[in-house]
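**Student:** Residues 850 to 1220 (the numbering used here) are what the sequence shown spells out, left to right.
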Amino acid sequence: MSLDENTDKSIEEIKDIIRSRFEVARDVLREDDLDYLELTIFYTDNIEHFMWQFMGTESKYSNVIEDVYRLIDSEIGKMLEILDESTYFFVVSDHGMQELKGWFDLNKWLLDKGYIEINKGNEFSVQSSLLKLLNSVGIDQTKAFQIGKGSLGGMISKIVPFRKIADLYFRLETGEGRESRMNFAENMIDWEKTDAFMLGDGMLVLNEVDEKKRKKLIEDLMEIENPRTGKRLLRDIKNKEELFEGPYLDNLPDIFLIPSPGYFFTSSINLKSQDYWDYEPRNGLSGEHKSEGIMIAHGAEIRQGENIDKMEIYDFVPTLLHIFDRSVPEDLTGEVRKEIFKEGSTLREKGIESRSSEKMRIKEKLRKMKV
850 MSLDENTDKS IEEIKDIIRS RFEVARDVLR EDDLDYLELT IFYTDNIEHF
900 MWQFMGTESK YSNVIEDVYR LIDSEIGKML EILDESTYFF VVSDHGMQEL
950 KGWFDLNKWL LDKGYIEINK GNEFSVQSSL LKLLNSVGID QTKAFQIGKG
1000 SLGGMISKIV PFRKIADLYF RLETGEGRES RMNFAENMID WEKTDAFMLG
1050 DGMLVLNEVD EKKRKKLIED LMEIENPRTG KRLLRDIKNK EELFEGPYLD
1100 NLPDIFLIPS PGYFFTSSIN LKSQDYWDYE PRNGLSGEHK SEGIMIAHGA
1150 EIRQGENIDK MEIYDFVPTL LHIFDRSVPE DLTGEVRKEI FKEGSTLREK
1200 GIESRSSEKM RIKEKLRKMK V
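Spelled out as structure tokens, the structure:
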């Protein structure tokens, strides 16, 4: 959604969709014998992105976010009325929301600090969008990472001086047509002399920089301050090895930036701008994601009225498998959070069964061979 003459209509349509989705879910629960049902309500995300700026104001939209959550709460109540005592009910969000206080043009900063090198003569402003890029070349973000840093990375790096994903990223909307977008990266960026750039959302790709240069980059990033507050832009910086592991590690960006609450990164390089900061809402956006979300559990053996600290979204699936009396793969991220269950309950007292994912893959291959 966006803020325009159709805003009121869009809000009502969102509410109608929410009601309809819950109604369908209730019908399915009544008519089918299910082990598991998942209902996704995405529309709170849109509402909060655009309506956050009106909270606490005299605007007619000041209560829109609260109204939507009250609607969802009411619909959840109707669903709980038809569930039997053996059914467990979870509310899980993949993130929370917060006020959007400002944007930082990180690629422009990288350019000015010498981490991005521009070919001479390309002095113009480009407003970029990762989403537009990926759509324009017909691939999604995962495929872009795989192309740039996956199994083909070695071969591609011999052809393209910098990671292919960088090249893909800069096939942008310049307002000059597809041919201009496709030639933008080649003409503007000197990939051989470029050390790093941001893909978007604080994800940095490095161009084979040594450990000394990586350390210097991280130190420089941590020193960035908001001129209005004097506080640091970044709350933390993580190398990918600190966050992830596994066979697909090479497909990921090299560094992840965690901004201070309310601040985010633009997907642009504005060569004409003298300021890295922008404090105004962009395209009506006034609310943005934050890492802390919610997880609510309800069921016969669930503790009532208790707060559990440091729950992670990764813990949901292992805990769900435990409820279903299923083994938990050893390589599955997350833990069975037995503390959500009542003292002395079966789910609290029984052991956690684990299984080797490799054994499961072998069994599956054998099963297919028999077929």
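We put the CB at the ideal spot given by N, CA and C, even for glycine. These numbers come from a predicted model, not from an experiment.
(1) Which residues bound the beta strand (DSSP E) around W952?
(2) Just curious, the beta strand (DSSP E) that E1137 is in, first and last residue?
(3) For G926, which three-state DSSP category applies?
(4) Would you kindly report the start and end of the unbroken alpha helix (DSSP H) that includes A1149?
(5) What are the boundary residues of the beta strand (DSSP E) that includes M946?
(6) Pairs of beta-carbons, one from the region 1149-1161 and one from the region 1182-1202, closer than 8 Å: are there three or more?
(7) Measure the C-alpha to C-alpha separation of E872 and I921 and round it to an integer number of angstroms.
(8) Look at W1070 and R1063 and say whether their C-beta atoms are less than 8 Å apart.
(9) Contact check, P1130 vs Q947 under 8 Å by CB: the rounded distance?
(10) For the beta strand (DSSP E) containing I1086, list its first residue and its last residue.
(11) Buried or exposed for P1096, going by 16 or more other Cβ atoms inside 10 Å?
(12) Assign F899 to one of two classes, buried (16 or more other C-beta atoms within 10 Å of its C-beta) or exposed (fewer than that).
(13) With a threshold of 16 other CB atoms inside 10 Å of the CB of P1102, please say whether the residue is buried or exposed.
(14) Tell me, which residues are paired with L1106 by DSSP?
(15) Give the C-beta separation of W952 and D1127 to the nearest angstrom, bearing in mind that I take them to be a contact with Cβ-Cβ under 8 Å.
(16) Look up D1127 in the DSSP assignment and give the residues it is bridged to.
(17) Going by beta carbon distance, what residues of the same chain come within less than 8 Å of Y964, once the five residues before and after it are set aside?
(18) How should T1168 be labelled, buried or exposed, when 16 other C-beta atoms within 10 angstroms of its C-beta is the threshold for buried?
(19) Can you name, in chain order, every residue of its own chain whose Cβ lies under 7 Å from the Cβ of R870, other than the five neighbours on each side?
(20) Report buried or exposed for I931, applying the criterion of at least 16 other Cβ atoms within 10 angstroms of its Cβ.
(21) Of the residues K1214, E1150 and I1201, which one's Cα is nearest the Cα of G1193?
(22) Quick check on S908: buried or exposed, where buried means 16 or more other Cβ atoms within 10 Å of its Cβ?
(23) Starting from the C-beta of G945, find all residues in its chain whose C-beta is less than 6 Å away, skip the five residues before and the five after it, and write them out in chain order.
(24) Straight-line CA distance for R1152 to R1077?
(25) Let's test the definition: count the other Cβ atoms within 10 Å of the Cβ of R1012 and tell me whether it reaches 16, buried, or not, exposed.
(26) In the DSSP assignment, find the alpha helix (DSSP H) that holds Y1112 and state where it starts and stops.
(27) Hey, could you find the ends of the alpha helix (DSSP H) V873 is sitting in?
(28) Alpha carbon to alpha carbon, how far is T1182 from S1205? Give it in angstroms, no decimals.
(29) Who are S1203's beta bridge partners in DSSP?
(30) Whole-angstrom Cβ separation of I1201 and V1177, contact assumed at under 8 Å?
(31) For V940, which three-state DSSP category applies?
(32) Using alpha carbons as the reference points, say which of I1038, D1124, V913 and E880 lies closest to V859.
(33) By how many angstroms is the C-alpha of Y910 removed from the C-alpha of E934?
**Tutor:** Checking against the coordinates, here is how it stands:
(1) G951 to F953
(2) G1136 to K1139
(3) helix
(4) Segment: none, A1149 is in no alpha helix (DSSP H) and carries neither H nor E.
(5) In this chain, the beta strand (DSSP E) harbouring M946 covers G945 to E948.
(6) yes
(7) 12 Å
(8) Note on residue identity: the sequence assigns Leu, not Trp, to residue 1070. Result no, Cβ atoms of L1070 and R1063 do not sit closer than 8 Å.
(9) That belief does not hold up - the Cβ atoms of P1130 and Q947 are roughly 14 Å apart, past 8 Å.
(10) L1083 to N1088
(11) exposed
(12) buried
(13) buried
(14) Under DSSP, the beta-bridge partners assigned to L1106 are I1086.
(15) 4 Å
(16) W952
(17) T1043, D1044, A1045, F1046 and L1066
(18) buried
(19) In its chain, beyond the 5 residues on either side, L888 and I890 have a beta carbon closer than 7 Å to the beta carbon of R870.
(20) So I931 counts as exposed.
(21) E1150
(22) Answer is exposed; the Cβ neighbour count stays below 16.
(23) K1139, E1141 and G1142
(24) 45 Å
(25) Unreliable placement is indicated for R1012, whose pLDDT of 41 sits below 50; the coordinate value is still reported in the next sentence. Answer is buried; the Cβ neighbour count reaches 16.
(26) Looking at the DSSP string, Y1112 is not in any alpha helix (DSSP H); the run it does join, the beta strand (DSSP E), is Y1112 to F1114.
(27) Unbroken alpha helix (DSSP H) run through V873: T856 to E880.
(28) Looking at the backbone, the Cα of S1205 and that of T1182 are separated by about 13 Å.
(29) Note: S1203 sits in a beta bridge opposite V1177.
(30) 6 Å
(31) Strand at V940.
(32) What sits at residue 859 in the sequence shown is Ser, not Val. With distances taken between Cα atoms, S859 lies closest to V913.
(33) 39 Å
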